[in-house]
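One rule links them: number in our numbering = place in the sequence shown (from 1) + 811. Note that beta-carbon positions come from the ideal geometry of N, C-alpha and C, so glycine has one too. Everything numeric in this text was worked out from a predicted model, so none of it was measured. Structure, as structure tokens:
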Amino acid sequence: MAPAARHDEGVLRLAGAVLTPRWAVLFDMDGTLVDTEPLLLDALSAVLGAAGVPAEEIRPQDLRGRAVAENLARLSVLAPAPMTTRELYERVSARLLDRLRSGTRPLPGALRLLRALRAARVPCALVSSSYRETVDAVLPSLGAAEFAVTLAGDEVTRPKPDPEAYRTAAARLGVTPGHCVVVEDSAAGLRSGRAAGCATVSVARTGEPVTLAVRGLTELTVRRLARLVEPGCRANPGARSATDARTS
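Printed below as a string of structure tokens:
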């Protein structure tokens, strides 16, 4: 097994050797590598339900891919006696983190792909809209050593769909965005990756223009991802629609 990578600003070191990566893969977390949505909805339903919010008011499609702060602001005013966003976050995260720390199952193909990329010495970053304590609770289930860089939603000024998160992760890996592949499941995340100048891969139907759309991580290989950043393949990384990309 390849030795774990560690992060220095703009430099990767493997087994004492300084590497200049040719390309990299930047992964979203929730919905892409792990399915934390059911756990989050359970926690939200329990907390908001106890505060008198009907279950139908909590709509997953309105929350997916958005910044935590934005979702908290949307939900905290639903209760008959509105909670502060801090109060809602603390109540929900207390329930959610307990579940995550006991282990969460990666989505099909996630571990195989991460291990294949590490064996090929392709650096990977985890770029999540979730806050750091949530990212750290999930990392043991994915293998922290698989990521040279991890970036959480509370560590950027402008969350997805702004390109800041993916540009920051690419810079920390020492790879230009044009040589990075973003793997995402949400429209907001794909817009962030595209605006950052990365190739984009969708693992769920979003309607967003992407470089490649697949039905899940099991359809991805190191070679297939590498083709997306080869010279001549990236003239317009967002030019193809999701429907067109599925035929690739």
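- As the crow flies, the alpha-carbon of T1032 is around 20 Å from that of R1016.
- Residue environment for S913: exposed (fewer than 16 other C-beta atoms within 10 angstroms of its C-beta).
- Partner residues in a beta bridge of V1021, as assigned by DSSP, do not exist.
- By a beta-carbon distance limit of 8 Å, F838 does not contact V986. Their separation comes to about 14 Å.
- Per DSSP, the continuous alpha helix (DSSP H) segment holding A927 begins and ends at 921 to 930.
- Contact between Y942 and A963 is confirmed by a C-beta separation of about 6 Å, below the 8 Å threshold.
- Annotated three-state conformation of T961 is strand, per DSSP.
- Looking from the CA of L937, the closest CA among E966, P919, E868, A931 belongs to E966.
- In the structure shown, V967 falls within a coil segment according to DSSP collapsed to helix, strand and coil.
- Excluding residues up to 5 positions away in sequence, L889, A890 lie with their Cβ nearer than 6 Å to the Cβ of V864 in the same chain.
- Rounded to the nearest whole angstrom, the CA to CA distance from R910 to L850 is 7 Å.
- Taking C-alpha positions only, S939 is separated from A854 by approximately 19 Å.
- Shown here, L1031 sits in coil according to DSSP, grouped into three states, outside any helix or strand.
- Within the DSSP secondary-structure output, E995 pairs in a beta bridge with S1013.
- Ranked by Cα distance from M840, the options Q872, T915, C1009, A981 are led by T915.
- Check the Cα spacing between A956 and each of P934, W834, T945: the tightest is with P934.
- Take the alpha-carbon of R1005 and the one of L886: they are about 28 Å apart.
- The residues D841, G842, P871, in chain order, have a CB closer than 7 Å to that of E848 in the same chain once the five nearest residues on each side in sequence are set aside.
- If you ignore the 5 residues before and after L1028, its C-beta comes within less than 7 Å of the C-beta of L918, P919, G920, A921, L924, V1014, all in its own chain and listed in chain order.
- Here V1025 is not near A1010, since their CB atoms are 7 Å or more apart.
- For T979, same chain residues with a beta-carbon under 7 Å away, outside a window of 5 residues either side, are L962, V967 in chain order.
- Counting the other CB atoms within 10 Å of its CB gives P974 a total of 16 or more, which places it among the buried residues.
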